[in-house]
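Going from the sequence shown to our numbering is simple: count from 1 and add 590. Glycine included, each C-beta is placed from N, C-alpha and C at the ideal position.
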Amino acid sequence: MASPISDERRAKLLRAETHTLLQSPDFIRSPVMSQLLSYLVEEAISNPGNPPKAYQVAVDGLGRTEDFDVQADSYPRVQVGRLRKMLGAYYNAHHSATRLHIPIGHYAVEIATDDGDPGDGQHIAGPDDIDPDAASPAEPVRDRWFNNRLTMLGLSAVLLITAIGLIWFVPSSGPVDSGIAMTSGQETLPPKIYIAASRMESGATGSDMSAEIQQFFEDAFARSSQVRLAAAGEPDIASVTGQNAYLFESKIVAGPSGPEIKFLLTSLIQNETIWSATIAMPDSPADYPEKLGPISSRVTSIYGLVATDQRKRLPDNAMIGYPCILRFESYRANRDPDLLPVVESCIEKSLVADPFDSQILAAASFISFLRREATGREPNPEEGLEYARRAMVRGRENASANFALARSSFFNGNCSRGKEFAEKAAALDPYEATIQAQAGAFLFGCGDPAGTQYLRRAIALDPRGSLVAETALVLTLLAEGKDKQALEFAEKIVPSSTGVGPYYDITMAMVYAKNGRIEDSRKSWDQLVATYGSDKDESQEQLLRRLITNPVLAERAFQLLLRTGVISG
């Protein structure tokens, strides 16, 4: 019998296998089963010794109203039975070293390994087990992150927008365009990433921590929305070459001052190494988040190497799922009004294909909050909140879904609630610099000093420079009255390393104005207008409010530039 594994390792295995299952065609076509599996897995992680009852499964896992009667309705038992069959069918068709199963008579998800032993040491149901569907008083529902009744109402909201447009490619110092495009069968899901960790090369000193390093990146990549973690273990390169996938390799090598780790990222669709880096070996696994986290961010963040490479080979007609997220993030970075129609169109098409896609729903929520200057119509906070709640149906443990609710709370003036969900999102995907940066920027707008730590974390994760984080940190220093320090930091920002974007010019105009350098401030403003100004009759205030989502920051920028004479209103 296998020894029970640690709770931390068990949670990682459960989440990684669930991530793989939810990307399979059967689960993509069945949002209810996807929602139910996600719920049961998170219950297995957070309450391993206390599996949910039928009432909890019905209300919290399947969205039934709080007056659900477990004695009169067998809905949760029937749906869990369907899920059990789907898992069995999937594993009959796919080999997996780790498998999830739900014992008969229970609502607990368990792990099985290749040798058939449970991977979590939990009890497997037997004939003497109590039937969870037996009559029992309806216990009160535990406090959840969102109101289930309102969530079900939100399921009826559909964004009806039709338009076409052109995609904007985020500038990057990443891989060059190879001209090899993705094929139609690979267009809706993020690319796979394989991990291979080699042992130390001859001559290297220090302990061999290859296995621990590989485990770190397995966990980090499994949290990312930009890749699908392939089966553990070094792949047969000949069998995967030509896939829309990537191979991430790490190897401990001898360095001039001690052991180092060399990383390579290979695009398998073109069979070419597109990035490499070498860093000093961390002293211990406790240092991995600080030392290896930036590597994970560089590879799999929203504007990282994989996403940038994917944008370069994205077909013009790829509009559903992951390609839509790539387009949305490009729009969010640049706020080019010409890009909005194509983003709205791909969101609509993606929601028709999968009404419960958490990332697409989070994107739809964001669009709903944009002001009239950006979209030509009034913002719709109610719709934005409904989309965010709907994103949580499948995405309770999805960083984008949690941040959608955080954003909704911030936009509606509820900073404490926004902070709660922002912290959850940042914890779910701790190596996504963009989420850390956005959390810091919103908390800055709320006057919360905790924002600074998120901004600095985002900058540490993205050594090339995080646009939102660097500019927001400058504005934080300005708000704290540290004008000179803000100027010194701002002048170290390299625009090309941040993806440029309007925030850089706005920030430089503000920091120069605050330090009395009015002519420099006007030059930054003129650059902003030349690059991002609209052909329409748009006032300077309208331009700022179109480009800056945060209304508090937009007002601060306008008042500062108006007061110092940089703009005239």
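- Bridge pairing for Ser935: absent [DSSP].
- Runs of beta strand (DSSP E) with 3 or more residues, each lying fully within the region 630–716, are found at 688–691, 700–703, listed in chain order.
- Residue nearest to Arg922 within the set Gly671, Ala954, Gly911 is Ala954 (criterion: CA-CA distance).
- The DSSP-derived three-state label of Ala786 is strand.
- Beta-bridge annotation (DSSP): Trp865 is paired with Leu855.
- By the C-beta density criterion, Pro1039 is exposed, having fewer than 16 other C-beta atoms within 10 angstroms.
- In the assembly as shown, Thr608 is a buried residue. Its beta-carbon has 16 or more other beta-carbons within 10 Å.
- Arg674 sits away from Ile701, with the two beta carbons spaced by 9 Å or more.
- Taking C-alpha positions only, Ala870 is separated from Ser847 by approximately 8 Å.
- If you look at Leu916, you'll find it in the alpha helix (DSSP H) that goes 912–924.
- For Lys1082, there is no enclosing beta strand (DSSP E), since its DSSP letter is neither H nor E.
- One alpha carbon belongs to Pro638, the other to Ala1059, and they sit about 37 Å apart.
- In the structure shown, Gly848 falls within a strand segment according to DSSP collapsed to helix, strand and coil.
- Between Ile864 and the set Pro872, Val889, Phe959, the nearest pair of CA atoms involves Val889.
- Relative to Arg599, the option among Gln661, Thr688, Gly651, Pro666 whose CA is nearest is Thr688.
- If you check the CB distance, Pro971 and Asn1004 do not come in under 9 Å.
- Considering only Ala876, Pro615, Met1100, the residue with the shortest C-alpha distance to Ala683 is Pro615.
- DSSP places Tyr1044 in the uninterrupted alpha helix (DSSP H) bounded by 1041–1051.
- Contact between Ser935 and Tyr1021 fails: their C-beta atoms lie close to 31 Å from each other, not under 8 Å.
- Within 10 angstroms of the beta-carbon of Glu938 lie 16 or more other beta-carbons, which makes it buried.
- Following the DSSP letters along the chain, one finds Pro781 in no alpha helix (DSSP H), marked with neither H nor E.
- Per DSSP, reduced to three states, the secondary structure at Ala820 is coil, with no helix or strand assignment.
- Beta-bridge pairing by DSSP links Phe838 to Ile785, Leu855.
- As computed with DSSP, Ala870 is found in a beta bridge with Glu850.
- Lys881 and Arg967 have their alpha carbons spaced roughly 45 Å apart.
- Inclusion of Pro642 and Gly651 in the CB contact set at 9 Å is warranted, their separation being smaller than that value.
- Under DSSP, the beta-bridge partners assigned to Val843 are Glu850.
- Cβ-Cβ separation between Ser958 and Gly974: approximately 3 Å, consistent with a contact (criterion under 8 Å).
- Annotation for Asn992: Phe1011, Lys1014, Ala1015, Leu1018 place their beta carbon closer than 7 Å to its own, counting only its chain and skipping 5 residues before and after.
- When Cβ pairs closer than 8 Å are counted between the two stretches, the region 836–845 is seen to touch the region 779–788, the count reaching three or more.
- In this structure, Tyr912 lies away from Leu951, with their beta-carbon atoms at least 9 Å apart.
- In this structure, the beta-carbon distance from Thr1066 to Asp1095 does not fall below 9 Å.
- Residue state for Pro969 is assigned as coil, using DSSP reduced to three classes.
- The beta carbons of Val1101 and Leu1068 sit about 6 Å from each other, so the pair counts as a contact at 8 Å.
- For the alpha helix (DSSP H) assignment, the uninterrupted runs of no fewer than 4 residues enclosed by the region 1015–1044 are, from N- to C-terminal side, 1023–1035.
- In the three-state DSSP reduction, Gln900 falls in the helix class (H, G or I).
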